[in-house]
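Residue numbers (our numbering): 3 to 201. Think of the CB as a built atom: it goes at the ideal place given N, C-alpha and C, for glycine as much as any other residue. This structure is a prediction, so every number in the text was calculated from the model and none was measured. First the structure, in the form of structure tokens, and then the observations on it.
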Amino acid sequence: MSRYKTALILAALVFFAAANAHAIIFGIRYSNLMQEPLPGISDTGSKGRFGAYLGFKEKNSVILVGADYDRYKLERGDSLLYSRRLVVNLGYRYHLLPTDKAEAMDMMPFVALHLFKSFSKVSADSTILSTAEAQYYKDLSNDVGGWVSLGAEYNFAPAFSFGGEAGFRYARAKSKAYGHEIKLGQYSTFVALLLTFYW
Numbered sequence: 003m004s005r006y007k008t009a010l011i012l013a014a015l016v017f018f019a020a021a022n023a024h025a026i027i028f029g030i031r032y033s034n035l036m037q038e039p040l041p042g043i044s045d046t047g048s049k050g051r052f053g054a055y056l057g058f059k060e061k062n063s064v065i066l067v068g069a070d071y072d073r074y075k076l077e078r079g080d081s082l083l084y085s086r087r088l089v090v091n092l093g094y095r096y097h098l099l100p101t102d103k104a105e106a107m108d109m110m111p112f113v114a115l116h117l118f119k120s121f122s123k124v125s126a127d128s129t130i131l132s133t134a135e136a137q138y139y140k141d142l143s144n145d146v147g148g149w150v151s152l153g154a155e156y157n158f159a160p161a162f163s164f165g166g167e168a169g170f171r172y173a174r175a176k177s178k179a180y181g182h183e184i185k186l187g188q189y190s191t192f193v194a195l196l197l198t199f200y201w
């Protein structure tokens, strides 16, 4: 199944469930991950990633479908290594305080669990990576996993909130680019900023 069909199916499920939901949600997310830009390629500092999410809220529960995007570029003289990755995720967020009486200026803490699947493209000049190496990095960038987090939203208005979260992320992937199977598991930490609209 292609990445586009997967995203469309997940979005359709959200809209179907949202028909009877208390509120529909749309949000923008910026996360900062402490991880390598590509598996096995070290780089100083953390990695930023932009994304968006759509979902619905029923009482204290929130169901979300989202997509994050990131890219990485490494230049060595005239040679170039370039990767881009779309990360589709399905999440559940639970508010720890009652939300049915929430008003503007309320702080709402939550816990969250997300599962994700990555779809990536890696291209490089032969002076940097061989064909097998490029396939290896592509395979390991097509990872699956999940993250757990603790966060809070600050309701500036009943239909608008700004929040943040921090948590742990686990990803795993495998590759047979070198003729034998290589498996990789990676733990990382992250922080994220959230801008959410309700209607």
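Note down, in chain order, each residue of its chain lying with its Cβ closer than 6 Å to the Cβ of K185, except the 5 sequence neighbours on either side.
Excluding residues within five positions, the ones whose Cβ falls inside 6 Å are K176.
Identified DSSP bridge partners for F112
Answer is H97 and G153.
Per DSSP, cross-strand counterpart(s) of D127:
For D127, no pairing in a beta bridge is given by DSSP.
Give the straight-line distance between the Cα atoms of L117 and V64, rounded to the nearest whole angstrom.
Within the model, the alpha-carbon separation for L117 versus V64 is close to 14 Å.
Reference N62; option with closest CA among G53, Y55, L98 and L195
For N62, the nearest C-alpha among the options comes from L98.
Limits of the beta strand (DSSP E) - the one that K185 falls within:
It spans I184 to Y200 - the beta strand (DSSP E) in which K185 sits, taken as one unbroken run.
Per DSSP, what kind of secondary structure is A136 in: helix, strand or coil?
A136 falls in the helix class under three-state DSSP.
Hey, quick one: how far does the beta strand (DSSP E) through Y180 stretch, first residue to last?
Under the DSSP assignment, Y180 falls outside any beta strand (DSSP E); it carries neither an H nor an E label.
Note the first and the last residue of the continuous beta strand (DSSP E) segment covering N34.
Unbroken beta strand (DSSP E) run through N34: A25 to L35.
What residues are listed by DSSP as bridge partners for F158?
Beta-bridge partners of F158 (DSSP): none assigned.
Please report how far the alpha carbon of S143 lies from the alpha carbon of R87, in whole angstroms.
Roughly 8 Å separates the two Cα atoms.
DSSP state of D72 mapped onto helix, strand, coil
Three-state result, D72: strand.
Using DSSP bridges, identify the partner residues of L66.
As a beta-bridge residue in DSSP terms, L66 pairs with G57 and G93.
Does the region 119–138 come close enough to the region 148–157 that 3 or more CB-CB pairs lie under 8 Å?
No, they do not touch.
Mind checking R73: buried by the 16 CB within 10 Å criterion, or exposed?
Counting Cβ neighbours within 10 Å, R73 comes out exposed, since fewer than 16 surround it.
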